[in-house]
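**Student:** Quick note, the sequences are listed as chains A and B, same order.
Each residue of the first sequence is one higher than the one before, counting from 2 in my numbering.
Each residue of the second sequence is one higher than the one before, counting from 2 in my numbering.
Protein chains: 2
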Amino acid sequence: MILEKKKIFNDFATSKGLRSTRQRDIILDIFLSTHQHVSVEELYLKIKFSNPGIGYATVYRTLKLFVEAGLAREILLHDGQTRYEHIVAGEHHDHLVCTGCNSIIEFEDETIEKLQNEIAARHGFMIKSHKMEMYGLCAACRQ
Amino acid sequence: MILEKKKIFNDFATSKGLRSTRQRDIILDIFLSTHQHVSVEELYLKIKFSNPGIGYATVYRTLKLFVEAGLAREILLHDGQTRYEHIVAGEHHDHLVCTGCNSIIEFEDETIEKLQNEIAARHGFMIKSHKMEMYGLCAACRQ
DNA sequence: TTGCTTTTGATATTCATTTTCAGTTACTGG
DNA sequence: CCAGTAACTGAAAATGAATATCAAAAGCAA
Ligand SMILES: [Mn+2]
Ligand SMILES: [Mn+2]
Ligand SMILES: [Zn+2]
Ligand SMILES: [Zn+2]
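1) Given a cut-off of 9 Å on the beta-carbon distance, is the pair F108 of chain B and L64 of chain B in contact?
2) Under a three-way DSSP split, which group does A73 of chain B fall into?
3) DSSP three-state call for T22 of chain A: helix, strand or coil?
4) So for T83 of chain B, helix, strand or coil by DSSP?
5) I'd like the span of the alpha helix (DSSP H) that includes L1 of chain B, first residue to last.
6) Using 9 Å as the limit for Cβ to Cβ distance, is M133 of chain A near chain B?
7) Report yes if the C-beta of C142 of chain B is less than 8 Å from at least one heavy atom of ligand 3; otherwise report no.
8) Name the chain A residues that come within less than 9 Å of R23 of chain B, Cβ to Cβ?
9) Taking 9 Å as the cut-off, decide whether the C-beta atoms of I27 of chain A and I9 of chain A are in contact.
10) Mind checking if Y136 of chain A is an interface residue toward chain B, Cβ cutoff 9 Å exclusive?
11) Apart from the five residues just before and just after F50 of chain A, which ones in its own chain have a Cβ nearer than 8 Å to its Cβ?
12) Would you call the segment 130–139 of chain B and the segment 126–139 of chain A in contact, with 3 or more CB pairs under 8 Å?
13) Taking all protein chains shown into account, decide if K6 of chain B is buried (16 or more other Cβ within 10 angstroms of its Cβ) or exposed.
14) Under the rule that 16 or more other beta-carbon atoms within 10 Å means buried, what is Q37 of chain B, buried or exposed?
15) So L78 of chain A packs on V98 of chain A, CB below 8 Å; how close in whole Å?
16) From R23 of chain B to I76 of chain B, what distance separates their C-alpha atoms?
17) Can you list, in chain order, the residues of its chain with a C-beta nearer than 8 Å to that of E42 of chain A? Leave out the 5 residues immediately preceding and following it.
18) Classify G120 of chain A: buried if its beta carbon has 16 or more other beta carbons within 10 angstroms, exposed otherwise.
19) Candidates B:L29, B:A14, B:D30, B:S40: which alpha carbon is nearest R84 of chain B's?
20) Measure the alpha-carbon distance for L72 of chain B versus A73 of chain A and round it to whole angstroms.
21) Is there a Cβ of chain B sitting closer than 9 Å to that of S40 of chain A, yes or no?
22) Would you check if the distance between the CB atom of A14 of chain A and the CB atom of L66 of chain A is smaller than 9 Å?
23) Evaluate L46 of chain B with the Cβ neighbour count: other Cβ atoms within 10 Å of its Cβ, from every protein chain shown; 16 or more gives buried, anything less gives exposed.
Laid out in structure tokens, this is it:
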């Protein structure tokens with residue numbers, strides 16, 4: 002799994018003529034070791050802990066490369082922090098975001114995805130990406 | 002329609018103990034005269050034109066009041082600008098956003114809304130709001 | 001190694017939005 | 001109608017996430 006993702010990134014880097022650097026390896030390792038929906042800040046702090054030398058800008062730059070490489074997806078919720086999550090091949094999900102405890106529930110719904118495509122088709126629109134988020138209170142936060 | 006919205010805001014203001022000010026009246030008038038999806042910047046410039054004295058902060062503050070009053074909805078697309086649109090009672094729509102020409106197509110889909118509620122219910126989640134946007138190219142921009 | 005190019009990290013900058021605060025204005029009740 | 005008081009305003013400063021800058025460092029091909 003992890004080796005596979007590293008290979009994907011290396012192949013991407015090669016095809017783009019990017020150099021192999023210690024920083025990118027470290028950032029990828031640590032990104033792959035995180036759970037879903039890490040903010041840049043969180044990831045930066047985690048990296049900083051074991052690798053104090055790595056700069057903020059490099060983390061930002063590298064995460065964008067992961068997105069380009071198809072390893073990560075950018076998640077913009079309503080807290081002004083960009084988050085990243087792992088892309089699992091052939092899988093897509095959307096989010097229920099609890100405004101009480103900031104937890105995120107993931108869900109998949111084939112029917113909705115299909116309806117989205119129909120709506121787009123009806124308007125002659127070509128979808129490149131979509132976002133669907135529901136904000137509210139999770140079971141625990143409803144007391 | 003416009004008078005009705007003004008009444009909604011006045012009632013809201015009264016219920017909250019807010020004072021009636023010239024600035025809020027002007028900003029509401031001009032907001033009501035705009036079309037969908039105005040950015041704060043756009044609205045500010047429009048206001049500035051006829052009322053040079055009104056400050057940026059007041060526009061920001063007042064738009065948030067409109068949201069609270071149920072007159073406006075905040076729209077966060079992915080261009081770093083917060084936009085506001087009019088809320089029409091008993092109506093809800095989502096957006097197709099063209100990344101080519103920045104146009105926005107609105108659509109309603111009862112089935113999707115129903116499915117969203119079912120998903121939320123299944124997770125014991127209480128929805129307060131949701132956002133659904135599809136990004137891509139509109140018919141014109143596909144050439 | 002050499003030489004060239006990319007990459008990095010510290011720092012400065014940007015840009016939307018929020019906060020601050022002193023002066024102004026709206027309401028209350030006498 | 002006025003005075004007192006609390007809310008409101010606008011200019012400017014502050015914030016905070018993200019990006020740009022640029023000199024030094026590192027990767028790579030020969
Ligand atoms: Mn997710
Ligand atoms: Mn709309
Ligand atoms: Zn919760
Ligand atoms: Zn278009």
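Positions of the beta carbon are idealized from the N, C-alpha and C atoms, including for glycine.
**Tutor:** According to the structure shown:
1) On the second sequence, position 107 is the one that residue 108 of chain B refers to. On the second sequence, position 63 is the one that residue 64 of chain B refers to. No, these two residues do not count as a Cβ contact at 9 Å.
2) Against the second sequence, residue 73 of chain B aligns to sequence position 72. In the three-state DSSP reduction, A73 of chain B falls in the strand class (E or B).
3) Residue mapping note: residue 22 of chain A aligns to position 21 of the first sequence, counting from 1. Three-state result, T22 of chain A: coil.
4) Here residue 83 of chain B is taken as the residue at index 82 of the second sequence, counted from 1. T83 of chain B falls in the strand class under three-state DSSP.
5) Only positions 2 to 144 of chain B appear in this structure, which leaves residue 1 of chain B out of reach.
6) Working through the first sequence from its first residue, we reach residue 133 of chain A at position 132. By this cut-off, M133 of chain A is an interface position.
7) Numbered from its first residue, the second sequence carries residue 142 of chain B at position 141. Answer for C142 of chain B: no, Cβ out of range of ligand 3.
8) Sequence index remark: in the second sequence, residue 23 of chain B carries index 22 (1-based). Ordered by position in chain A, no residue passes the 9 Å Cβ test against R23 of chain B, which lies about 32 Å from the chain.
9) Position 26 of the first sequence, counting from 1, holds the residue named residue 27 of chain A. Position 8 of the first sequence, counting from 1, holds the residue named residue 9 of chain A. In this structure, I27 of chain A sits away from I9 of chain A, with a CB-CB distance that is not shorter than 9 Å.
10) Your numbering for residue 136 of chain A matches position 135 in the first sequence. Contact with chain B is found for Y136 of chain A, since one of that chain's Cβ atoms lies less than 9 Å from the residue's Cβ.
11) Residue 50 of chain A sits at position 49 when you count from the first residue of the first sequence. Excluding sequence neighbours, F50 of chain A sits near nothing in its chain.
12) Below 8 Å, enough C-beta pairs join the segment 130–139 of chain B and the segment 126–139 of chain A to call them touching: three or more.
13) On the second sequence, residue 6 of chain B is found 5 positions in, with the first residue counted as 1. Classification of K6 of chain B: buried, given that the 10 Å Cβ count is 16 or more.
14) The residue given as residue 37 of chain B occupies position 36 in the second sequence. Of the other Cβ atoms in all chains shown, fewer than 16 fall within 10 Å of the Cβ of Q37 of chain B; this residue is therefore exposed.
15) Translated into the one-based positions of the first sequence, residue 78 of chain A becomes position 77. Translated into the one-based positions of the first sequence, residue 98 of chain A becomes position 97. Confirmed, Cβ separation roughly 6 Å.
16) On the second sequence, position 22 is the one that residue 23 of chain B refers to. On the second sequence, position 75 is the one that residue 76 of chain B refers to. For R23 of chain B and I76 of chain B, the distance between alpha carbons rounds to 26 Å.
17) Stepping through the first sequence from its first residue, residue 42 of chain A is reached at position 41. Taken in chain order, the residues that qualify are Q82.
18) To locate residue 120 of chain A, count along the first sequence from 1; it is residue 119. This sequence places Ile at residue 120 of chain A; Gly is not what is there. Buried, because 16 or more other Cβ atoms sit within 10 Å of the Cβ of I120 of chain A.
19) For the purposes of this step, residue 84 of chain B is identified with residue 83 of the second sequence, where counting begins at 1. R84 of chain B has its Cα closest to that of B:S40, out of B:L29, B:A14, B:D30, B:S40.
20) Indexing the second sequence from 1 puts residue 72 of chain B at position 71. Indexing the first sequence from 1 puts residue 73 of chain A at position 72. The C-alpha of A73 of chain A is placed about 37 Å away from the C-alpha of L72 of chain B.
21) The residue you call residue 40 of chain A lines up with position 39 of the first sequence. Using a CB distance cut-off of 9 Å, S40 of chain A does not count as an interface residue toward chain B.
22) On the first sequence, residue 14 of chain A is found 13 positions in, with the first residue counted as 1. On the first sequence, residue 66 of chain A is found 65 positions in, with the first residue counted as 1. In this structure, A14 of chain A lies near L66 of chain A, with their beta-carbon atoms less than 9 Å apart.
23) For the purposes of this step, residue 46 of chain B is taken as the residue at position 45 of the second sequence. With fewer than 16 other Cβ atoms within 10 Å, it is exposed.
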